[in-house]
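Structure first, then comments.
Number of protein chains: 2
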Amino acid sequence: MPRPRAFDERQALERAREQFWATGYAGTRMDDIARATGLGKGSLYGAFGDKGRLFHRVFDDWCTAVVEVAEGRLTGGPDAEALARLSGYLHLMAANTASDTERRGCLLAKGTAELAQHDPTVAGRSAETMTALLTLLRMEISAAQRHGDIDSTADPERLAALLLTVVRGIEAVGKAGLAPETLRNIADTALAVLPRPKGRNASPPDADRPARTNVGPSRPHDPPGSA
Amino acid sequence: MPRPRAFDERQALERAREQFWATGYAGTRMDDIARATGLGKGSLYGAFGDKGRLFHRVFDDWCTAVVEVAEGRLTGGPDAEALARLSGYLHLMAANTASDTERRGCLLAKGTAELAQHDPTVAGRSAETMTALLTLLRMEISAAQRHGDIDSTADPERLAALLLTVVRGIEAVGKAGLAPETLRNIADTALAVLPRPKGRNASPPDADRPARTNVGPSRPHDPPGSA
DNA sequence: TACGTTATGGACGATCCATTCCACAATCGA
DNA sequence: TCGATTGTGGAATGGATCGTCCATAACGTA
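Here you go:
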């Protein structure tokens, strides 16, 4: 009956995300988004509501993607490779931050920093995302403990929180200007200091212990990876 | 000869900082600052230039304070207490983030996230600050290594980068909504996993090893601590 | 083919905001 | 005391921005 949409909603959301990612919430004008998506104001407002709702949708999608990337890297594998999966994930995050030459940072961090204080929706979604990542990390740590790669007496919850903090911290110090090589070293060091099972000695942090599943930086424009 | 200023510049900058801290750069109107400082527009612009210059000044002061807090906590003490100083610093940072009930976050992180990409001054200053913190941490780690509290074969540069990442990461995950208790645990865990000298076994992360110089949260409105 | 319905996109209105301007006040030296 | 100089604060300005509105276009159905 009605006239169908002439644009691809998915693609429009991607363009909008690019824009919000590049210039933040307050720094993005609806005209920018109209130009970026090629849509007129009428279509924009008709399809997505106002600026706030559009951002919420973009932010929500981003958070989902962040967790999906972690799930793809971390879940579903033998315990014997759990430590390698953790290593791969940390290095992926470091590589993504390092490859962000435009220093856009991560929309999750950016949006949270800008809006969490005054926007309950953003605050809630970012908290949810952190909790989800925490759970994924904890499960992998437990798996590595079962296989004897991590000290089984350590609290997996605490180690997970530490690794999450390192991941988010890499994002922060990367945006603050630390060198790409430093970011990679941080991921290495974080993995190296994880407590080993009793009986073996803890190796110094510059030992390249874990099987480094050499992870190249994902495409620069692939947002979820840069979480 | 001329008429002297009727306001205290230092105090005006503090009020301006409160405002930028609370609502970010783009989210702060010059009217807000005028109201917060009690100054008229004429005085404001006459004394500090435009909004950008005012923010740069506030941001610069904040960065200086952040480094000063770290210096106060970390430098100048016997090697025997270096690890305790590191512990105190990490716990101070965690406590400050935890006590930020308004979730304002840290102006350094907020300003960097919002502006570093497009403002070279902010980008440069935040990079400088990170480097300065890195140096302070590295020196303390070296001191702890000399005293035998940290494995002397570990690379102090890498451990320093890891600790800096943890500090900044605590800020990030705290703003993202993780519980205050979790933040404290992260600081504990980060200290617990630091490599011990060979001969002793690494203790599991839930061991409360380092002398926890019980640091209460600083006053909520004391900005530098929350770095 | 004609009509009802929704999409489209650019013009428009109202608001907001950074900055300037100006009339006046206060100080100090002469 | 007087004047030159700077501080003060609020009104005015110019530009930008969000969201709405509307005339028109495109589709499916009868």
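Quick mapping for you: the protein sequence lines, in order, are chains P and Y.
For the first sequence, UniProt numbering gives the first residue as 1, with consecutive numbering after it.
For the second sequence, UniProt numbering gives the first residue as 1, with consecutive numbering after it.
The C-beta atom is built at its ideal place from N, Cα and C for all residues, glycine as well.
Note that the coordinates shown come from a computational prediction; the quantities given were computed from them, not determined experimentally.
Who are the Cβ neighbours of Y/Ala94 in its own chain at under 7 Å, not counting the five residues just before and after it?
Ile170, Leu183, Arg184, Ile186, Ala187
For the putative contact between P/Ala192 and P/Arg104, defined by C-beta atoms under 8 Å, what is the C-beta separation to the nearest angstrom?
Going by Cβ atoms, the distance from P/Ala192 to P/Arg104 rounds to 29 Å, so no, they are not a contact pair.
Assuming P/Arg73 contacts P/Thr37 (C-beta within less than 8 Å), just tell me the rounded distance between them.
31 Å between Cβ atoms; not a contact.
Y/Leu107 versus P/Ala113 - alpha carbon distance
9 Å
Leaving out five residues before and five after Y/Gly148 in sequence, what residues of the same chain have Cβ atoms less than 8 Å from its Cβ?
Pro197
Out of Y/Glu102, Y/Gly46, Y/Glu157, Y/Tyr89, which one is the CA nearest neighbour of Y/Phe7?
Ranked by Cα distance from Y/Phe7, the options Y/Glu102, Y/Gly46, Y/Glu157, Y/Tyr89 are led by Y/Gly46.
Could you tell me whether the Cβ of residue 244 of chain Y comes closer than 9 Å to any Cβ of chain P?
The structure shown has nothing for residue 244 of chain Y, since chain Y only spans 1 to 227.
Range of the contiguous alpha helix (DSSP H) that encloses P/Gly105
It is not in any alpha helix (DSSP H) - P/Gly105 carries neither H nor E in the DSSP assignment.
Which chain Y residues sit within Cβ distance under 9 Å of P/Ser126?
Chain-ordered, the chain Y residues with CB closer than 9 Å to the CB of P/Ser126 read Lys175, Ala176, Gly177.
Cβ of residue 255 of chain P within 9 Å of any chain Y Cβ:
What the structure shows of chain P is the stretch from 1 to 227, and residue 255 of chain P is not part of that stretch, so it cannot be assessed.
Contacts of P/Val66 in chain Y (Cβ-Cβ under 9 Å)
Result: empty, since nearest Cβ-Cβ is about 11 Å, beyond 9 Å.
Report the start-end ranges of each alpha helix (DSSP H) in the region 39-114 of chain Y that is 4 residues or longer and not cut off at the edges.
41-48, 51-74, 82-99
Backbone CA spacing between Y/Leu92 and Y/Arg125 [nearest angstrom]
Here the alpha carbon of Y/Leu92 sits roughly 23 Å from the alpha carbon of Y/Arg125.
Using a Cβ cut-off of 9 Å (strictly closer), state whether Y/Thr37 contacts chain P.
Taking 9 Å as the threshold, the shortest C-beta distance from Y/Thr37 to chain P does not fall below it.
Could you compute how far the alpha carbon of P/Ser43 sits from the alpha carbon of P/Asp61?
20 Å
What is the residue span of the alpha helix (DSSP H) that Y/Val122 lies within?
120-146
Provide the residue span of the alpha helix (DSSP H) that contains P/Gly169, from first to last.
156-175
Consult DSSP for Y/Gln19 and reduce its assignment to one of helix, strand or coil.
helix
Could you tell me the distance, in whole angstroms, from the CA atom of P/Ser99 to the CA atom of Y/Gly40?
45 Å
With a threshold of 9 Å between beta carbons, is Y/Thr135 in contact with chain P?
no
Any C-beta of chain Y sitting closer than 9 Å to the C-beta of P/Arg17?
So, not an interface residue.
Please compile the residues from chain P whose C-beta is within a distance smaller than 9 Å of the C-beta of Y/Asn185.
Asp155, Glu157, Arg158, Ala161, Leu162
Using the Cβ count rule (16 or more neighbours within 10 Å means buried), how would you classify Y/Gly49?
exposed
Which whole-angstrom value is the C-beta distance of Y/Leu194 and Y/Ile150, which I expect to be below 8 Å?
6 Å
Tell me whether the beta-carbon of Y/Ala161 lies closer than 9 Å to the beta-carbon of Y/Leu136.
no
Are there 16 or more other CB atoms within 10 angstroms of the CB of Y/Gln11, so buried, or fewer, so exposed?
exposed
Proximity to Y/Pro78 [Cα-Cα], best of Y/Thr121, Y/Ala132, Y/Gly177, Y/Met139
Y/Met139
Any beta-carbon of chain Y closer than 9 Å to the one on P/Gly169?
Taking Cβ atoms only, chain Y reaches closer than 9 Å to P/Gly169, which makes this a yes.
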